[in-house]
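Undergrad:
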Amino acid sequence: MSATSDVTLASGAPRLERLFRLIATVWCGSQWAIGYIVAPTLFAVLESRMVAGTVAGRLFHTQAWLSLVCGVLLVWLATALIARTADAQAARSYRGLRWLAVAMMVCVLIGSFGLQPLMADLRAQAEASGVDIGQSAYASRFGMLHGVSSGLYLLQSLLAIALIWRQPVRG
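Under this note's numbering, the first residue of the sequence shown is numbered 11, with each subsequent residue one higher.
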């Protein structure tokens, strides 16, 4: 623990900073791992695109809930750190980080709880017709929704880089 963190932050704040860093790392790391390693690997390895899509969808759904839990915890921790710090620069940093966490949660809410149910409904309609979504009458609408969802995921991933990068460094 550095002398700077002891002087500028009230008791317990260094632990809160570490907890903030840990939760941010878990959130962002899982976001990147699932979206850019696991999901593409599923589509590359599994023979059925439908099975790969189903498994990826479940992983993204789990990731969405993890994101909301982590995001709420980060907003709470940032607020606590802002209240406990005597360092104006650290307070500014945590205010910015709090807004980044909120923006990331908005991306999750729109993508996972707005667009994904629409995509699942289109997939179910295609399956009820006995065809894969890619060969169905719903393919273009599904593709458009998937593109918007992917764009939001990319935006959330870029915000995650900022969330990790902009954390105050002490010591």
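Don't be surprised by glycine CBs; every beta carbon is placed ideally from N, CA and C.
For Ala59, does the three-state DSSP call read helix, strand or coil?
TA: Here residue 59 refers to the residue found at position 49 of the sequence shown. Per the sequence presented here, residue 59 reads as Arg, with Ala not at that position. Helix at Arg59.
Undergrad: Does the Cβ of Pro178 have 16 or more other Cβ atoms within 10 Å, making it buried, or fewer, making it exposed?
TA: For the purposes of this step, residue 178 is taken as residue 168 along the sequence shown, with counting starting at 1. Counting Cβ neighbours within 10 Å, Pro178 comes out buried, since at least 16 surround it.
Undergrad: Jot down the residue ranges of each uninterrupted alpha helix (DSSP H) in the stretch 97-138, minimum 4 residues, whole runs only, in chain order.
TA: If we require 4 residues or more, the alpha helix (DSSP H) runs fully inside the stretch 97-138 come out as 98-120, 126-138.
Undergrad: To the nearest angstrom, how far is it from the Cα of Phe152 to the Cα of Arg176?
TA: For the purposes of this step, residue 152 is identified with residue 142 of the sequence shown, where counting begins at 1. For the purposes of this step, residue 176 is identified with residue 166 of the sequence shown, where counting begins at 1. Each residue's Cα considered, the two are about 36 Å apart.
Undergrad: Where does Ser160 land, buried or exposed, given buried means 16+ other C-beta within 10 angstroms?
TA: Here the question's residue 160 lines up with position 150 in the sequence shown. Looking at its Cβ environment, which holds fewer than 16 other Cβ atoms inside 10 Å, Ser160 is exposed.
Undergrad: On a Cα-Cα basis, can you pick out the residue from Val116, Ala172, Met129, Ala90 that is closest to Glu27?
TA: Taking the sequence shown and counting its residues from 1, one reaches residue 27 at position 17. Closest option to Glu27, Cα to Cα, is Ala90.
Undergrad: For the alpha helix (DSSP H) containing Ile174, name the first residue and the last one.
TA: Against the sequence shown, residue 174 aligns to sequence position 164. Residues 149-175.
Undergrad: Thinking C-beta only, is Gln166 closer than 8 Å to Gln73?
TA: Counted from its first residue, the sequence shown places residue 73 at position 63. Counted from its first residue, the sequence shown places residue 166 at position 156. In this structure, Gln166 does not lie closer than 8 Å to Gln73 by Cβ.
Undergrad: Tell me which residues share the same chain as Val65 and place their Cβ nearer than 6 Å to its Cβ, disregarding the 5 neighbours each side in the sequence.
TA: Position 55 of the sequence shown, counted from the first residue, corresponds to residue 65. Excluding sequence neighbours, Val65 sits near Leu52.
Undergrad: Do His156 and Ser122 come within 8 Å of each other at the CB atom, strictly closer than that value?
TA: If you number the sequence shown from 1, residue 122 lands on position 112. If you number the sequence shown from 1, residue 156 lands on position 146. For Ser122 and His156, no; Cβs fall outside 8 Å.
Undergrad: Report, in whole angstroms, the separation of the C-beta atoms of Ala23 and Arg94, which I expect to be a contact under 8 Å.
TA: Counted from its first residue, the sequence shown places residue 23 at position 13. Counted from its first residue, the sequence shown places residue 94 at position 84. Sure, about 5 Å apart at Cβ, within 8 Å.
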